[in-house]
Amino acid sequence: MSMSARSLTAMQNRPFVIGWMIGISFFPMVRCATGMELDSPPTTAKESNPDTLPSYPSMLYSPPVVETSTWNYPKEEGESLSLPKPGRAAPSPPGKGIPMGGVRVSPEISLSSRWDDNIYKTATNLRADVMTQLKTVIKVLHNWAQNQADLSYSATVRRYQVLHTEDNVDQQLSLNSKFTPSRLVDVEFGYARSVENDERGTPGKATAQVNANAPLPKGPNTWLQESFKETARLKLRRLTSELKLEQSDRSSLNNGQSFMDRQWFDHGILFRWALSPKTSLLLDMGRKETTYSRSPRLDSTETRILTGVTWKGTTQTESQIKVGLTEKELINNLEKSSTGSTWEAGIVWQPTSRTRVNASSKRNFQDSEDMNESFIATTYQAGVDHTLTSHWRLMLGLEWINNEYDAGKREDFTTGRVGMDYRLSNHFSINTEVVNKMKTSTVTGGGFDSHAVQLSLTGSM
Numbered sequence: 002m003s004m005s006a007r008s009l010t011a012m013q014n015r016p017f018v019i020g021w022m023i024g025i026s027f028f029p030m031v032r033c034a035t036g037m038e039l040d041s042p043p044t045t046a047k048e049s050n051p052d053t054l055p056s057y058p059s060m061l062y063s064p065p066v067v068e069t070s071t072w073n074y075p076k077e078e079g080e081s082l083s084l085p086k087p088g089r090a091a092p093s094p095p096g097k098g099i100p101m102g103g104v105r106v107s108p109e110i111s112l113s114s115r116w117d118d119n120i121y122k123t124a125t126n127l128r129a130d131v132m133t134q135l136k137t138v139i140k141v142l143h144n145w146a147q148n149q150a151d152l153s154y155s156a157t158v159r160r161y162q163v164l165h166t167e168d169n170v171d172q173q174l175s176l177n178s179k180f181t182p183s184r185l186v187d188v189e190f191g192y193a194r195s196v197e198n199d200e201r202g203t204p205g206k207a208t209a210q211v212n213a214n215a216p217l218p219k220g221p222n223t224w225l226q227e228s229f230k231e232t233a234r235l236k237l238r239r240l241t242s243e244l245k246l247e248q249s250d251r252s253s254l255n256n257g258q259s260f261m262d263r264q265w266f267d268h269g270i271l272f273r274w275a276l277s278p279k280t281s282l283l284l285d286m287g288r289k290e291t292t293y294s295r296s297p298r299l300d301s302t303e304t305r306i307l308t309g310v311t312w313k314g315t316t317q318t319e320s321q322i323k324v325g326l327t328e329k330e331l332i333n334n335l336e337k338s339s340t341g342s343t344w345e346a347g348i349v350w351q352p353t354s355r356t357r358v359n360a361s362s363k364r365n366f367q368d369s370e371d372m373n374e375s376f377i378a379t380t381y382q383a384g385v386d387h388t389l390t391s392h393w394r395l396m397l398g399l400e401w402i403n404n405e406y407d408a409g410k411r412e413d414f415t416t417g418r419v420g421m422d423y424r425l426s427n428h429f430s431i432n433t434e435v436v437n438k439m440k441t442s443t444v445t446g447g448g449f450d451s452h453a454v455q456l457s458l459t460g461s462m
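Take the sequence shown: its letters are residues 2 to 462, numbered as in the working numbering.
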């Protein structure tokens with residue numbers, strides 16, 4: 002699906018941003034041609050050991066070039082915003098992949114069965130059902146010199162035992178690449194195309210479906226999203242500058258009944274000044290322009306500025322915090338424009354070799370796909386991951402989300418979970434988790450309470 006002419010025109014009107022990226026991309030190449038020494042090739046990762054803790058993503062490590070969602074709330078419940086997943090029954094340890102010529106192929110497959118006593122996530126008309134899910138993922142990775150490219154495809158099929166209107170299929174295709182022409186510069190490019198279905202009870206998502214031709218009760222909303230992302234980093238002694246560009250398009254596949262089809266262009270720059278090897282100061286500035294295909298009254302421009310610090314402690318602690326302000330201006334409805342505080346914070350603490358504790362918080366503006374209005378979303382998450390033995394792991398997680406809407410509505414989501422993981426071998430694991438999710442709302446009948454139990458078998462290579 003192609004970007005709208007309006008969005009493409011907006012991108013073309015920013016020559017200074019594109020020129021800056023092109024300039025820093027080619028500047029190091031010229032220096033390389035004059036004899037500048039390059040960094041040595043990166044060393045390969047250590048082989049995974051089934052008797053030790055599996056590797057965890059670093060909170061401060063740059064996220065993937067293309068994310069699967071632009072929402073503050075990931076599609077999977079409980080997935081952390083900037084930290085390892087709190088309290089999630091993790092899949093088997095990362096596989097080594099299968100070498101095939103100059104690439105490495107990593108397949109993964111997961112079969113799950115989930116019982117939920119409130120499928121529709123409503124206060125009344127409670128319906129229980131069993132959902133069977135089959136998820137397959139295949140990744141192809143290619144490394145050469147200091148560069149990397151990867152191609153990934155995933156498909157998730159969900160089938161319900163009784164409520165067949167809830168059956169759906171998610172798919173995602175992504176292509177990411179990273180080039181490091183010198184020790185001063187690295188550039189990332191990414192593209193993602195996904196077809197995803199709303200998960201009921203997710204903040205900001207529609208509770209009433211827009212599929213006009215579907216029989217009652219109607220199934221989840223389905224969305225097609227395409228995203229292009231570019232990131233360029235320039236390192237000069239203690240100062241690192243990072244420029245990010247994103248162009249995305251999100252449209253409903255429910256027979257053209259949605260008024261939330263939109264495109265957005267997001268560009269920002271992050272400065273990081275290293276005070277010491279373990280402490281850095283941050284300055285993050287950005288601007289996001291959103292246009293709606295059928296709802297021009299919702300067209301908006303967001304301007305944000307945050308400052309913060311990152312640090313690593315001597316006791317296996319890694320932290321980051323950024324605080325600032327975001328101004329949201331509705332281009333065609335200026336009286337509803339607003340300014341609010343925003344932040345991103347997180348900490349990872351590993352008190353022992355077998356225990357990892359993490360916590361995170363985030364606050365920003367979001368656009369609701371339910372009420373056709375924006376809201377301020379505040380999220381707090383905490384999780385504990387403890388390895389009991391070489392085969393058993395225990396995960397605990399707690400999440401609280403608060404949404405405050407322009408019209409005065411308020412809603413709170415509280416989710417608690419307990420998970421266990423048993424590693425059968427280096428390539429297979431069995432996972433189980435128990436989840437309780439509650440919603441309270443100032444709207445009469447807008448809350449719900451649900452309980453779910455899930456059992457999964459995951460295999461990867």
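Cβ coordinates follow ideal geometry from the N, Cα and C atoms, glycine included.
Exposure label - residue i; buried when at least 16 CB within 10 Å
{"i": "serine 338", "result": "exposed"}
{"i": "arginine 357", "result": "buried"}
{"i": "serine 277", "result": "exposed"}
{"i": "tyrosine 146", "result": "According to the sequence shown, residue 146 is alanine rather than tyrosine. Flag for alanine 146 reads exposed."}
{"i": "alanine 408", "result": "exposed"}
{"i": "glutamate 434", "result": "buried"}
{"i": "leucine 237", "result": "exposed"}
{"i": "glutamate 374", "result": "exposed"}
{"i": "lysine 279", "result": "exposed"}
{"i": "methionine 101", "result": "exposed"}
{"i": "serine 391", "result": "exposed"}
{"i": "threonine 353", "result": "exposed"}
{"i": "glycine 446", "result": "exposed"}
{"i": "serine 426", "result": "exposed"}
{"i": "alanine 453", "result": "buried"}
Cutoff 7 Å; reference residue i; Cβ partners in own chain excluding five residues on either side
{"i": "asparagine 333", "result": "Pro297, Arg298, Asp300"}
{"i": "tryptophan 312", "result": "Lys279, Thr280, Ser320"}
Rounded distance between the beta-carbons of residue j and residue i, thought under 8 Å
{"i": "threonine 488", "j": "arginine 411", "result": "Here the chain comprises residues numbered 2 to 462, so residue 488 is not present and cannot be evaluated."}
{"i": "isoleucine 120", "j": "glutamate 167", "result": "6 Å"}
{"i": "methionine 439", "j": "threonine 415", "result": "5 Å"}
{"i": "leucine 331", "j": "serine 342", "result": "Incorrect: roughly 19 Å between the Cβ atoms, too far for contact."}
{"i": "serine 114", "j": "lysine 140", "result": "Not quite, the Cβ-Cβ distance comes to about 25 Å (not below 8 Å), so this is no contact."}
{"i": "alanine 275", "j": "arginine 251", "result": "Incorrect: roughly 37 Å between the Cβ atoms, too far for contact."}
Other residues of its chain near residue i: CB distance less than 6 Å, five sequence neighbours each side excluded
{"i": "serine 362", "result": "Ala346, Tyr381"}
{"i": "glycine 287", "result": "Gly269, Arg305"}
{"i": "asparagine 404", "result": "Pro204, Phe376, Ala378, Glu412"}
{"i": "glycine 460", "result": "Ile110, His428, Phe429"}
{"i": "leucine 142", "result": "Arg105, Asp151"}
{"i": "leucine 458", "result": "Leu112, Ile431"}
{"i": "arginine 474", "result": "Residue 474 lies beyond the residue range present for the chain, which begins at 2 and ends at 462; the question has no answer from this structure."}
{"i": "arginine 364", "result": "Thr343, Trp344, Thr379"}
{"i": "valine 131", "result": "Trp116, Gln162"}
{"i": "alanine 360", "result": "Ile348, Ala383"}
{"i": "glutamine 351", "result": "Gln317, Arg357"}
{"i": "valine 138", "result": "Glu109, Ser155"}
{"i": "methionine 261", "result": "Glu370"}
{"i": "proline 226", "result": "Checking the displayed sequence, the identity of residue 226 turns out to be glutamine instead of proline. Here the set comprises Ser195, Arg251."}
{"i": "histidine 247", "result": "First, the amino acid is wrong: residue 247 is glutamate here, not histidine. Within the same chain, glutamate 247 has close Cβ partners Lys230, Asp267."}
{"i": "leucine 456", "result": "Ser114, Thr433"}
{"i": "isoleucine 402", "result": "Pro204, Thr380, Phe414"}
9 Å Cβ cutoff met for residue i and residue j
{"i": "tryptophan 265", "j": "lysine 289", "result": "yes"}
{"i": "alanine 156", "j": "asparagine 177", "result": "no"}
{"i": "phenylalanine 272", "j": "lysine 230", "result": "no"}
{"i": "alanine 124", "j": "phenylalanine 366", "result": "no"}
{"i": "threonine 321", "j": "valine 310", "result": "Just to set this straight, residue 321 is glutamine in the shown sequence, not threonine. Contact flag set, yes."}
{"i": "serine 253", "j": "aspartate 267", "result": "no"}
{"i": "asparagine 222", "j": "serine 259", "result": "yes"}
{"i": "serine 228", "j": "tyrosine 192", "result": "yes"}
{"i": "threonine 308", "j": "leucine 335", "result": "no"}
{"i": "lysine 329", "j": "threonine 340", "result": "yes"}
{"i": "serine 451", "j": "lysine 122", "result": "yes"}
{"i": "valine 436", "j": "arginine 424", "result": "no"}
{"i": "arginine 159", "j": "asparagine 169", "result": "yes"}
{"i": "arginine 234", "j": "valine 188", "result": "yes"}
{"i": "aspartate 368", "j": "threonine 291", "result": "yes"}
Min CB distance residue i to chain C below 9 Å
{"i": "glycine 420", "result": "Included in the structure is just one protein chain, with no chain C present."}
Contiguous beta strand (DSSP E) assignments of at least 3 residues, all confined to the region 141-201: 148-161, 169-180, 186-198
Beta strand (DSSP E) runs wholly inside the region 355-382, at least 3 long, in chain order: 356-368
Whole beta strand (DSSP E) elements within the region 403-460, 3-residue minimum: 411-424, 429-442
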